[in-house]
Amino acid sequence: MGMAEQPAIVYFDATLTPNTALSPRAFLIIMGLVGAMSFLGGIMFLSMGAFPVIGWFGLDALAIWYAFRKNFKDLREETTVRITADSIRLRHSRPGHEASEVELPTTFTRLSMAHPERRPSELRLAHGQTAYVIGRFLSPRERKSLYDAMENAIRRARAERFS
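Everything in the sequence shown is counted per numbering that gives the first Met the number 0, starting at 0 for the first residue and increasing by one.
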């Protein structure tokens, strides 16, 4: 009888998502204010005889609504990072795109970060000639914290592998 294989120890497992700056309720309040201001401004110009202006106010409100909706769609982007002694798994998904996954060997994967204290800074995982930038939507402080946590996890995973 063979021995049952032990599950791999997971040193790091995180799902990264963009920060949400506006709740659905706040969005409704802001769009209500934008709509009301556009309507009142349009009525004011209409009373002065400038009737085409009301349409432009409506287009402005529509453009603001579209920009918010596009931003909310982009907030559904997510990256999953999982580090074990054998591999580093990345999975990235965005709305409207097929999810991409890659598995890199922990031993030969390099982690680097350029300009950690300012924008733009990039957190990269590289293997061979291929580099993967992760956490683009994070703030510099969050990206630095992620870098430190991943560097620690990779160090511990390598220590297990070569102990």
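For every residue, glycine included, the Cβ atom is placed at its ideal position computed from N, Cα and C.
Asked                                                                                                                                           : Found
Have a look at ALA25 and ILE133 and give me their C-alpha separation to the nearest angstrom.                                                   : 29 angstroms
May I ask you to list the residues that DSSP assigns as paired with HIS91?                                                                      : THR78 and SER99
Could you tell me whether the stretch 11 to 26 touches the stretch 120 to 138, where touching means 3 or more Cβ pairs closer than 8 angstroms? : yes
So what does DSSP say about LEU137, is it helix, strand or coil?                                                                                : coil
Indicate the three-state DSSP secondary structure (helix, strand or coil) for PRO104 in the structure shown.                                    : strand
Which term fits SER22, buried or exposed, when burial requires 16 or more other beta carbons within 10 angstroms of its beta carbon?            : exposed
How many Å lie between MET0 and ALA7 at the Cα?                                                                                                 : Confidence in MET0 is poor, its pLDDT being 47 and thus under 50, which makes the residue's placement unreliable; the coordinate value appears in the next sentence. Taking the straight line joining both Cα atoms gives about 21 angstroms.
Quick one: what's got a C-beta closer than 7 angstroms to GLY40's C-beta in the same chain, skipping five residues either side?                 : PHE56
Find out if the Cβ-Cβ distance for the pair ILE82, ALA13 is shorter than 7 angstroms.                                                           : no
Measuring alpha carbon to alpha carbon, tell me which of ALA49, ARG160, GLY127 and THR108 ends up nearest GLU150.                               : THR108
Under three-state DSSP, which class holds ASP73?                                                                                                : helix
Do the CB positions of LEU89 and VAL80 come within less than 7 angstroms of each other?                                                         : yes
Work out the CA separation of ARG155 and PHE11 for me, nearest whole Å.                                                                         : 10 angstroms
Whole beta strand (DSSP E) runs in the stretch 1 to 62 with 3 or more residues, listed along the chain?                                         : 9 to 15
Could you check whether ALA60 and SER37 sit closer than 7 angstroms to each other, using their CB atoms as the reference points?                : yes
Pick out whichever of ILE53, LEU122, SER99 and ARG142 has its Cα sitting closest to the Cα of LEU110.                                           : LEU122
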